[in-house]
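S.K.: If you count by mature numbering (1 follows the signal peptide of the UniProt record, and there is no 0), then the sequence shown holds residues -22 to -1, 1 to 519, one letter each, in order.
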Amino acid sequence: MQLHLAVVLLCATSGLFANAGAEDPYRFFDWNVTFGDIYPLGVRQTGILINGQFPGPDIHSVTNDNLIINVHNSLNEPFLISWSGIQQRRNSYEDGVYGTTCPIPPGKNFTYILQVKDQIGSFFYFPSLAFHKAAGGFGGIRILSRPRIPVPFPDPAGDYTVLIGDWYKSNHTNLKARLDRGKKLPFPDGILINGRGPGGASFNVEQGKTYRLRISNVGLQNSLNFRIQNHRLTLVEVEGTHTLQTTYSSIDLHLGQSCSVLFKADQPAKDYYIAVSTRFTSRVLTSTAILRYSNSAGPVSGPPPGGPTIQIDWSLNQARSIRTNLTASGPRPNPQGSYHYGLINTTKTIRLANSAGQVNGKQRYAVNSVSFVPEDTPLKLADYFKIGGVFRVGSISDNPYGGKIYLDTSVMQADYRAFIEIVFQNNENIVQSWHLDGYSFFVVGMDGGQWTTASRREYNLRDAVSRCTTQVYPKSWTAIYVALDNVGMWNLRSEFWARQYLGQQFYLRVYTTSTSLRDEYPIPKNALLCGRASGRHTRPL
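1) For the stretch 342 to 357 against the stretch 378 to 388, do three or more pairs of beta-carbon atoms, one drawn from each stretch, fall closer than 8 Å, so that the two count as touching?
2) Taking the C-alpha atoms as reference points, what is the distance between D291 and I229?
3) My output table needs one value for N172: the three-state DSSP class, helix, strand or coil.
4) Determine the closest residue to Q428 out of V262, P282, Q403, D441, with distance taken between C-alpha atoms.
5) Could you tell me the distance, in whole angstroms, from the CA atom of G99 to the CA atom of Q199?
6) Tell me the DSSP secondary structure of I328 in three-state form.
7) Spatial neighbours of D2 within its chain, please: CB distance less than 8 Å, with the 5 preceding and 5 following residues excluded, ordered by chain position.
8) Going by DSSP, what residue range makes up the alpha helix (DSSP H) through S293?
9) Quick one: what does DSSP say H110 is sitting in, helix, strand or coil?
10) Could you give the C-beta distance for N303 and Q314, rounded to a whole number, given that I count them as a contact under 8 Å?
11) Hey, Y103 and P356 are a contact pair by Cβ (cut 8 Å); roughly how many whole angstroms apart?
12) Within 8 Å (strictly less), CB to CB, does T355 reach chain C?
13) Between H38 and N10, is the Cβ-Cβ spacing less than 8 Å?
14) Please determine, among I171, L480, R68, the residue with the shortest C-alpha to C-alpha distance to K161.
15) Helix, strand or coil for T355, going by three-state DSSP, please let me know.
16) Does the Cβ of T456 have 16 or more other Cβ atoms within 10 Å, making it buried, or fewer, making it exposed?
17) Going straight from the alpha carbon of A113 to that of I365, what length do you get?
18) If you check the beta carbons only, do D441 and R301 fall under 8 Å apart?
19) I'd like to check one pair, R257 with T287: are the Cβ atoms closer than 8 Å?
20) Rounded to whole angstroms, what is the Cα-Cα separation between H318 and V450?
21) G34 and F88 - do their beta-carbons sit closer together than 8 Å?
22) Please return the same chain residues whose Cβ sits closer than 8 Å to the Cβ of G513, not counting the five positions on each side in sequence.
23) Is the CB-CB distance between V183 and S272 below 8 Å?
24) Grab the span of the alpha helix (DSSP H) containing A476 for me, first residue to last.
25) Smallest Cα separation from R68: which of D96, A476, P84?
26) Which term fits N295, buried or exposed, when burial requires 16 or more other beta carbons within 10 angstroms of its beta carbon?
27) Just to confirm, are S411 and R445 a CB contact at a threshold of 8 Å?
28) Could you tell me which uninterrupted alpha helix (DSSP H) segments, each at least 4 residues in length, are contained entirely in the stretch 419 to 483, listed from first to last along the chain?
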């Protein structure tokens, strides 16, 4: 019955998605989202399960696949899933954040119709509403290359998803209530590796073989360092881009980031620690998993391997060393270096500064002094139905002005097909992490101090990595180039989830007067309607 519903919805939208490539395969998923007891750090708490699993099931797909994901909300509250890094070409209605999509009501279902158009790589999904991310509901997404597109390394003997993240023993409802009262979150209680605390997760390997790990930081507020005892890690992919194959002793992953590494099981046959620890914190949290050789002669021994702790320069140097493999093919059979982004003149510069402060006695976070507050109607629906009073274009400046934090439903407009520069200026003492839905962007530069136009002299205009999430170090800046080739309403946010929840986000309205399906799909026929959009028709009469 559930699969039948998904097929019916697919048929109802087949005309709409004809241009998305009717010849491309369809993959069907049927998910039931429930609350359940979990014990990741040894105490019982309420978690979000998908089909009874914590974390949720992996999504396996191939470039250009159509994903039909029927989500049943069996919670007692509204629910939304967002797809971190899945670009949703011309279709921000399916983005799964409240600015674009109505929540799934309790006891109801919604079928997401996605296409991983011209994408490869490692990503994840997560719940985007009501601080649900602190309860689970996340899982891995892998997009394999089509068989005829060469991958720049031999097929590994195994391919594992590794979800790492900081975690609290408190239920998400208590954490949300704390934020709603205007308080900051405390330091986390531990780190999970695939939903388990220290020593709970394990990965099996055979001596002499090479394995791929797809690692994502799905946590709430901490950068993490990943390493394997006595093994080296070779970075091969970052959020959909094949990278130069640089080998590291450990890898930093900042909030919301994903990458793939290869390692060879080339050590004496026994068990080894996989260690994950917090970065840039005075108190260091560490968790472990076990790498188990098939012919292991014994259990792990000694302390887990140590890693970097508060060193900013170490992390900055590693970040700068991550470069695009220009000769490798991406999702299409042409070299990744065939797009000469460094030869394109930017048409606009947007400067974004994060800040923290009090508004009406409560903790808030802001971008260019504006702390985002959601309206009763998703912004994309208000835009489509021309409902006034929901948002104002230009309600956030494209440059910081240093004023006090204030509340607004912030929307910035940019022109379709523009090529823009965005500079993230971090004047605070913490590492920041920023994500832009619907896009990958080139990370052309990062350094300490204040960005100036002279900073452009140190940009990497040849082989900067293209990704969807980037870090900004304390008292530092990061610059990105973005080709605005995806019409829609797209969330630009802090990946520090308490900061996002308390306002450090806004929506980028990539706009064109064109109504062609080549530029943007119309609203899906199965779209949920809420707020001031309730009772409207999803097609003009």
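Glycine included, each C-beta is placed from N, C-alpha and C at the ideal position.
M.R.: Walking through what the data contain:
1) yes
2) 14 Å
3) coil
4) Q403
5) 24 Å
6) strand
7) N42, D43, N44, Q93
8) Annotation: the continuous alpha helix (DSSP H) that includes S293 extends over 290 to 299.
9) Helix at H110.
10) 6 Å
11) Contact doesn't hold; Cβ gap of about 19 Å is too wide.
12) The structure shown contains no chain C; it holds only a single protein chain.
13) No, the pair does not count as a contact, with Cβ atoms beyond the cut-off.
14) The shortest Cα separation from K161 among I171, L480, R68 belongs to L480.
15) coil
16) buried
17) 34 Å
18) yes
19) Result yes, Cβ atoms of T287 and R257 sit closer than 8 Å.
20) Near 25 Å, if we compare the C-alpha coordinates of V450 and H318.
21) no
22) L507
23) yes
24) 475 to 479
25) D96
26) exposed
27) no
28) 475 to 479
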